[in-house]
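Comments concern the structure below.
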Amino acid sequence: MTTDSGDATLAWVVVGAGSAGCVVARRLVDAGHRVTLVEAGPPLEPGAVPAGIDADNSFAALIDDRWYADLLATRTAGSEPRRYLRGRGVGGSSAVNAMVGLTGDTDLYRSWGWDDAEWYSRHHLLPLAVAGSDELGRVDRALLAASPQARRAPLTRRGGRRVTSAEAYLWSILRNERLDVRADAPVDRVEIDQGSAVGVRLVDGELVPADRVVVCAGAIHSPAILLRSAVDVDGLGEGLQDHPAAALLLELRRGVVGSDHETAIGLSTSTIVDADPIQILALNHLGAEPGPGMLLVANMRPVSASGTVRLAADDPTTEPIVDFDLLSDPADVETLRSGVRMALDLLAHPAFDSIVERVFIDDRGTTTDTLDSDEAIDDWLRSHSADYVHASGTCAIGRVTEHDGSVRGHRNLFVCDASLFPTIPNVNTHVPTTMLAERLVAGWTAERAR
Ligand SMILES: Cc1cc2nc3c(=O)[nH]c(=O)nc-3n(C[C@H](O)[C@H](O)[C@H](O)COP(=O)(O)OP(=O)(O)OC[C@H]3O[C@@H](n4cnc5c(N)ncnc54)[C@H](O)[C@@H]3O)c2cc1C
1437 MTTDSGDATL
1447 AWVVVGAGSA
1457 GCVVARRLVD
1467 AGHRVTLVEA
1477 GPPLEPGAVP
1487 AGIDADNSFA
1497 ALIDDRWYAD
1507 LLATRTAGSE
1517 PRRYLRGRGV
1527 GGSSAVNAMV
1537 GLTGDTDLYR
1547 SWGWDDAEWY
1557 SRHHLLPLAV
1567 AGSDELGRVD
1577 RALLAASPQA
1587 RRAPLTRRGG
1597 RRVTSAEAYL
1607 WSILRNERLD
1617 VRADAPVDRV
1627 EIDQGSAVGV
1637 RLVDGELVPA
1647 DRVVVCAGAI
1657 HSPAILLRSA
1667 VDVDGLGEGL
1677 QDHPAAALLL
1687 ELRRGVVGSD
1697 HETAIGLSTS
1707 TIVDADPIQI
1717 LALNHLGAEP
1727 GPGMLLVANM
1737 RPVSASGTVR
1747 LAADDPTTEP
1757 IVDFDLLSDP
1767 ADVETLRSGV
1777 RMALDLLAHP
1787 AFDSIVERVF
1797 IDDRGTTTDT
1807 LDSDEAIDDW
1817 LRSHSADYVH
1827 ASGTCAIGRV
1837 TEHDGSVRGH
1847 RNLFVCDASL
1857 FPTIPNVNTH
1867 VPTTMLAERL
1877 VAGWTAERAR
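Start counting the sequence shown at 1437; every next residue gets the next number (the working numbering).
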């Protein structure tokens, strides 16, 4: 690892207190380092968690200033940019996500040279628990009845409530004098002197000096910060991926109501079909209130990797231009089409037939009758494909960064978040991001122990 300082206790600045940033800050403090954790959005402290984040209904967490309201992204070639969800504030996306906590395939990790992935899958601090039977919603129950491959997904919850990465990793060290958490402090750029990071410049102009800087601002904002910092490394901001997905909207029959418990807590997702490379996720409703449901069909092993994050302006308050270019490889369309056919078969099962009045494929009320050929399905997918909020790969290990997360050609500058994945994991990205952060910081702190 490249460093200028021989000092055993270093001053680190960690940019972004999301899934990865909380892990990095915690493990560095545990190892005796001093950490300033700088987060663009609001704080998240014990006893002051907004009700929406604590609710079981993950849609209720998307409140106020806890997401990037101006961030847009283009999904497929020719489609209009639409909002792209990212968590903002301490906890990052872990505070607003749907809580599905899957570890992924050890073969994939091995292909990245991680022979120790299984150890990290057991030694992170996120609790994982499936929803109780009394919490299952109507769409959950139908999916469990219709598919032998359906199962309740583990959720990052304890005692029936969400556990964010802030709670799991930061709360127990908030009083540690080696940790300074600075919320509401957006970073403009990393200050770099002759190829070596020396601190970060906040949007308000303040310089926060550091021996080492770790950028953990996520797969959209980490490349934007590095581009603003004039980091000139081939591939920076390229290779953006997400899991391309197709949304089947379920209008539920009149009189079909869930239990009082389901309506009250409105757990939005808890059941998945895992049929590699397809995942089908049940959503019992699509907002803070009970309403229509959804089956979200996703291609979990996309090969298209031509997405980009580019700066729209040098101004740090302007969101970058995000183009996922999903489905650019025809193989991804074919895979997703097979998933759509699988979901349509499931919807013909009596368990769905008894609760679903109609299935729509867009918000104009187009029904699934129109999906009467491969060509019709492919046209629909190319024009309407959704993302799975799993942005990855824009500072990828092996292209932009070395295996320890250090930025190529620079000293004392690291990235650690979902932007590092060499290829998008074949599961929902929160737990893999946590494992990645645990693994990288273990390498950095082992260097100190030597
Ligand atoms: C709505 C939603 C639902 C999801 N559901 C699931 C799910 O059910 N299961 C799953 O596994 N994954 C899910 N994900 C994806 C998963 O949560 C993310 O992949 C993961 O949290 C990414 O972690 P990260 O550390 O890379 O980024 P984040 O957790 O997004 O953290 C980045 C942090 O950096 C901060 N930041 C950004 N720019 C700056 C700046 N300039 N200065 C300072 N700070 C900055 C942000 O505010 C944020 O706090 C979901 C994501 C979303 C948004």
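All residues carry an ideal CB built from backbone N, CA and C; glycine is no exception.
Exercise for the section: Check whether the Cβ of D1624 lies closer than 8 angstroms to any heavy atom of ligand 1, and answer yes or no. Expected result: The closest heavy atom of ligand 1 lies less than 8 angstroms from the beta carbon of D1624.
Problem - heavy atom of ligand 1 below 8 angstroms from S1601 C-beta - result: Yes, Cβ of S1601 sits closer than 8 angstroms to a heavy atom of ligand 1.
Problem - Cβ contact check for the stretch 1525 to 1537 and the stretch 1490 to 1508: 3 or more pairs under 8 angstroms - result: Here the stretch 1525 to 1537 lies against the stretch 1490 to 1508, with 3 or more beta-carbon pairs under 8 angstroms apart.
Problem - Supposed contact pair V1733 and I1716 - C-beta distance, whole angstroms, cut 8 angstroms - result: Contact between I1716 and V1733 holds, with the beta-carbon distance rounding to 5 angstroms and staying under 8 angstroms.
Exercise for the section: Would you kindly check if the distance between the Cβ of T1865 and the Cβ of S1601 is under 9 angstroms? Expected result: Cβ atoms of S1601 and T1865: not closer than 9 angstroms.
Exercise for the section: Out of P1482, V1575 and G1641, state which residue places its alpha-carbon closest to the alpha-carbon of S1959. Expected result: In the structure as shown, the chain begins at 1437 and stops at 1886. Residue 1959 is therefore absent and cannot be evaluated.
Exercise for the section: Taking 9 angstroms as the cut-off, decide whether the C-beta atoms of G1452 and V1474 are in contact. Expected result: By the CB criterion at 9 angstroms, G1452 and V1474 fall inside the cutoff.
Problem - CB of G1568 within 9 angstroms of CB of G1596, strictly - result: For G1568 and G1596, yes; Cβs fall inside 9 angstroms.
Practice task
Examine ligand 1 and report whether any of its heavy atoms sits within less than 8 angstroms of the Cβ of H1826.
Solution key: At least one heavy atom of ligand 1 is nearer than 8 angstroms to the Cβ of H1826, so yes.
Practice task
Below 8 angstroms CB to CB, which residues in the same chain sit around D1768 once its five sequence neighbours on both sides are set aside?
Solution key: In chain order, P1680, N1735, P1738, V1739, S1740 and L1762 place their CB closer than 8 angstroms to the CB of D1768, counting only its own chain and leaving out the 5 sequence neighbours on each side.
Handout entry: Residue range of the unbroken beta strand (DSSP E) whose run includes V1623
Key = Taken as a continuous stretch (DSSP letters only), the beta strand (DSSP E) holding V1623 covers V1623 to D1629.
Practice task
Measuring alpha carbon to alpha carbon, tell me which of L1747, S1557, H1657 and D1640 ends up nearest R1524.
Solution key: Of the candidates L1747, S1557, H1657 and D1640, the one whose C-alpha sits nearest the C-alpha of R1524 is H1657.
Practice task
Under 8 angstroms Cβ to Cβ from G1727, same chain only, skipping five residues before and after it: list those, please.
Solution key: The residues are H1721.
Handout entry: Identified DSSP bridge partners for M1730
Key = BP columns for M1730 point to L1685 and L1719.
Handout entry: Integer Cβ distance of C1892 from A1878, believed to fall under 8 angstroms
Key = Missing from the structure shown is residue 1892; the chain here goes from 1437 to 1886 and no further.
Practice task
Classify L1663 as buried or exposed, calling it buried when 16 or more other Cβ atoms lie within 10 Å of its own Cβ.
Solution key: By the neighbour-count criterion, in which 16 or more other beta carbons inside 10 Å mark a residue as buried, L1663 falls on the buried side.
Handout entry: Validate contact between the stretch 1660 to 1675 and the stretch 1485 to 1493 using beta carbons, cut 8 angstroms, 3 pairs
Key = With a cut-off of 8 angstroms, the stretch 1485 to 1493 and the stretch 1660 to 1675 do not count as touching, because too few Cβ pairs lie within range.
Exercise for the section: Return yes when the Cβ of A1447 is within less than 9 angstroms of the Cβ of A1646, no when it is not. Expected result: Their beta carbons are under 9 angstroms apart, which means A1646 touches A1447 by this criterion.
Problem - Reduced DSSP secondary structure (H/G/I, E/B, other) of E1793 - result: It is a strand residue.
Practice task
With a cut-off of 8 angstroms on the beta carbons, I'd call L1731 and L1686 a contact; round off their distance for me.
Solution key: About 7 angstroms separates the beta carbons of L1731 and L1686, which is inside the 8 angstroms limit, making them a contact pair.
Problem - beta-carbon A1467 near ligand 1 non-hydrogen atom, thresh 8 angstroms - result: No.
Problem - Residue of P1590, V1626 and S1774 minimising C-alpha distance to D1810 - result: Measuring from the Cα of D1810, the nearest candidate turns out to be S1774.
Exercise for the section: Put E1674 into one of helix, strand or coil per three-state DSSP. Expected result: Strand, per DSSP.
Practice task
Would you list the residues sitting across from R1648 in a DSSP beta bridge?
Solution key: The beta-bridge partner set that DSSP reports for R1648 consists of W1448.
Practice task
Going by DSSP, name the residue or residues bridged to R1522.
Solution key: Paired residue(s): none; R1522 is not in a bridge.
Handout entry: Sheet register partners of L1615 (DSSP bridge)
Key = Here L1615 is bridged, per DSSP, to V1471.
Practice task
Find out if the Cβ-Cβ distance for the pair A1582, L1807 is shorter than 9 angstroms.
Solution key: No, these two residues do not count as a Cβ contact at 9 angstroms.
Problem - Endpoints, beta strand (DSSP E) assigned at G1454 - result: Taken as a continuous stretch (DSSP letters only), G1454 belongs to no beta strand (DSSP E), as it is neither H nor E.
Practice task
Please report how far the alpha carbon of G1635 lies from the alpha carbon of P1766, in whole angstroms.
Solution key: When rounded, the separation of the alpha-carbon atoms in G1635 and P1766 is 44 angstroms.
Exercise for the section: Return yes when at least one heavy atom of ligand 1 lies under 8 angstroms from the C-beta of V1471, else no. Expected result: The answer is no for V1471.
Practice task
Identify which residue in L1508, G1454 and V1459 has its Cα closest to the Cα of L1747.
Solution key: The alpha carbon of L1747 has as its nearest neighbour, out of L1508, G1454 and V1459, the alpha carbon of L1508.
Practice task
Could you spell out where the alpha helix (DSSP H) holding G1743 opens and where it closes?
Solution key: It is not in any alpha helix (DSSP H) - G1743 instead sits in the beta strand (DSSP E) that spans G1743 to R1746.
Problem - Proximity winner among P1858, S1764 and S1790, relative to S1821 (alpha-carbon distances) - result: The residue with the shortest Cα to Cα distance from S1821 is S1764.
Problem - Residue(s) in a DSSP beta bridge with I1714 - result: For I1714, which the question treats as bridged, DSSP gives the partners A1711 and N1735.
Exercise for the section: Report whether the distance from the Cβ of P1766 to the nearest heavy atom of ligand 1 is below 8 angstroms. Expected result: Checking the 8 angstroms criterion, the Cβ of P1766 is out of range of every heavy atom belonging to ligand 1.
Exercise for the section: Mind checking which residues open and close the alpha helix (DSSP H) that includes A1832? Expected result: No alpha helix (DSSP H) contains A1832, which DSSP labels as neither H nor E.
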